[in-house]
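Peer 1: The structure follows.
If you want it as structure tokens, here you go:
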């Protein structure tokens with residue numbers, strides 16, 4: 009049995025409403041309702057009666073609620089005790105990102121600020137595909153994740169906030185004469201894979217197909233690797249870049265803005281889950297610094 013279901017049941021029962029419980033836990037109400045149905049199915053009994061004015065705890069639910077509260081309190085005490093014993097974990101932040109942090113200037117600046125302000129904390133970073141990061145969050149292998157907004161919205165149990173949007177540009181060698189996207193008709197242009205960024209991939213694929221451009225997936229969404237490919241092999245690649253990134257491109261690379269297409273980055277955590285001290289302070293620092301920057 010999933011212990012998280014028990015915690016969710018206690019919150020719903022105490023709030024008397026799926027909507028209020030979802031708001032309190034910072035999770036999506038449909039996902040919360042689905043988890044309660046899974047719990048009821050596994051137990052073979054109804055715990056909640058769904059009414060127009062809210063929810064009512066059934067007689068069976070009332071009998072189980074004290075035990076559920078005890079389990080929830082014990083789980084919380086277990087986490088707090090483990091945290092006090094595992095001071096190394098408490099002082100370590102595990103941050104995952106779908107693209108190198110250096111490619112997100114605002115986040116790069118906050119990361120530097122974090123390491124300078126909290127010298128007794130460790131910062132461990134890893135780069136993986138969005139789906140892998142969501143799984144790593146769920147399995148507690150990382151504390152926080154930087155995801156494209158499209159991936160974060162698919163995780164209904166995630167708590168997210170935007171850390172900025174970047175425009176999408178087509179990079180090409182300077183020597184290549186271009187006069188808009190139509191000048192690339194019949195040629196191959198690299199785009200993010202459907203696995204790593206499905207919505208961005210779909211948008212670019214649709215635009216390029218309509219213009220007769222051959223859209224080919226790039227194996228790695230890394231700015232430095234892409235720059236090298238453009239300079240050394242004459243490749244043409246569509247990539248999301250911040251203004252600072254555009255200014256720092258090699259002078260032998262030219263850019264063409266792809267109108268109406270952008271990529272939004274978000275910082276994500278598991279809703280309602282306690283974080284380590286290091287992770288909690290990083291989250292708070294990002295909220296104070298990046299929400300304003302992203303507005």
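In our numbering, the protein residues as written are 9 to 303.
A virtual CB, placed ideally from N, CA and C, is assigned to each residue, including glycine.
(1) Per DSSP, what kind of secondary structure is residue 129 in: helix, strand or coil?
(2) I'd like the ranges of any beta strand (DSSP E) spanning at least 3 consecutive residues and lying wholly in the segment 179–247.
(3) At what residues does the alpha helix (DSSP H) containing residue 99 begin and finish?
(4) Taking its Cβ as the centre, do 16 or more other Cβ atoms sit within 10 Å of residue 303, making it buried, or is it exposed?
(5) Taking DSSP as the reference, what is the three-state secondary structure of residue 302?
(6) Between the Cα of residue 282 and the Cα atoms of 33, 17, 10, 180, which residue gives the shortest distance?
(7) Use the C-beta contact count for residue 104: other C-beta atoms within 10 angstroms, 16 or more gives buried, fewer gives exposed.
(8) Taking only three categories from DSSP, how would you classify residue 175?
(9) Closer than 6 Å by C-beta to residue 277: which residues in its own chain qualify, once you throw out the five before and the five after it? Chain order, please.
(10) I'd like to confirm the pairing. Which residues does DSSP put opposite residue 64 in its beta bridges?
(11) On a Cα-Cα basis, can you pick out the residue from 158, 121, 232, 216 that is closest to residue 289?
(12) Spatial neighbours of residue 12 within its chain, please: CB distance less than 8 Å, with the 5 preceding and 5 following residues excluded, ordered by chain position.
(13) From the DSSP output, read off the bridge partner residues of residue 278.
(14) Can you give the beta carbon distance from residue 154 to residue 112, rounded, assuming they're within the 8 Å contact cut?
(15) Could you name the residues that DSSP lists as bridge partners for residue 43?
(16) What's the call for residue 85, buried or exposed, on a 16-neighbour Cβ count within 10 Å?
(17) Less than 8 Å between the C-beta atoms of residue 199 and residue 235, yes or no?
(18) Which class does residue 267 belong to by DSSP, given the choice of helix, strand or coil?
Peer 2: The relevant details are as follows:
(1) Along the chain shown, read from residue 1 onward, the residue named residue 129 stands at position 121. If DSSP states are grouped into helix, strand and coil, residue 129 belongs with coil.
(2) Runs of the beta strand (DSSP E) lying entirely within the segment 179–247, each at least 3 residues long, are 196–199, 222–225 in chain order.
(3) On the chain shown, position 91 is the one that residue 99 refers to. Note, residue 99: premise wrong, no alpha helix (DSSP H); not H, not E.
(4) Along the chain shown, one-based indexing puts residue 303 at 295. With a pLDDT of 48 at residue 303, under the threshold of 50, the modelled position of that residue is not reliable, and the figure given next carries that caveat. With fewer than 16 other Cβ atoms within 10 Å, it is exposed.
(5) Here residue 302 is taken as the residue at index 294 of the chain shown, counted from 1. Because residue 302 sits at a pLDDT of 48, beneath the cut-off of 50, its placement in the model cannot be relied upon, and the point is left open.
(6) By 1-based counting over the chain shown, the position of residue 282 is 274. Out of 33, 17, 10, 180, 33 has the C-alpha closest to the C-alpha of residue 282.
(7) Here the question's residue 104 lines up with position 96 in the chain shown. With 16 or more other Cβ atoms within 10 Å, it is buried.
(8) Against the chain shown, residue 175 aligns to sequence position 167. Here residue 175 sits in strand by DSSP.
(9) Position 269 of the chain shown, counted from the start, is the residue given in the question as residue 277. Only 152, 167 meet the Cβ criterion.
(10) On the chain shown, residue 64 is found 56 positions in, with the first residue counted as 1. Answer is 57.
(11) Here residue 289 is taken as the residue at index 281 of the chain shown, counted from 1. When only C-alpha atoms are compared, the closest one is 121.
(12) The sequence position of residue 12 within the chain shown is 4, counting from 1. The answer, listed in chain order, is 43.
(13) The residue given as residue 278 occupies position 270 in the chain shown. DSSP lists 166 as partners of residue 278.
(14) By one-based count along the chain shown, residue 154 stands at place 146. By one-based count along the chain shown, residue 112 stands at place 104. With 8 Å as the limit, residue 154 and residue 112 qualify as a contact, their Cβ atoms being about 7 Å apart.
(15) Residue mapping note: residue 43 aligns to position 35 of the chain shown, counting from 1. Bridge partners of residue 43: none, in fact.
(16) Against the chain shown, residue 85 aligns to sequence position 77. Answer is exposed; the Cβ neighbour count stays below 16.
(17) Locating residue 199 in the chain shown gives position 191, counting from the first residue. Locating residue 235 in the chain shown gives position 227, counting from the first residue. For residue 199 and residue 235, no; Cβs fall outside 8 Å.
(18) Here residue 267 refers to the residue found at position 259 when the chain shown is read from its first residue. It is a strand residue.
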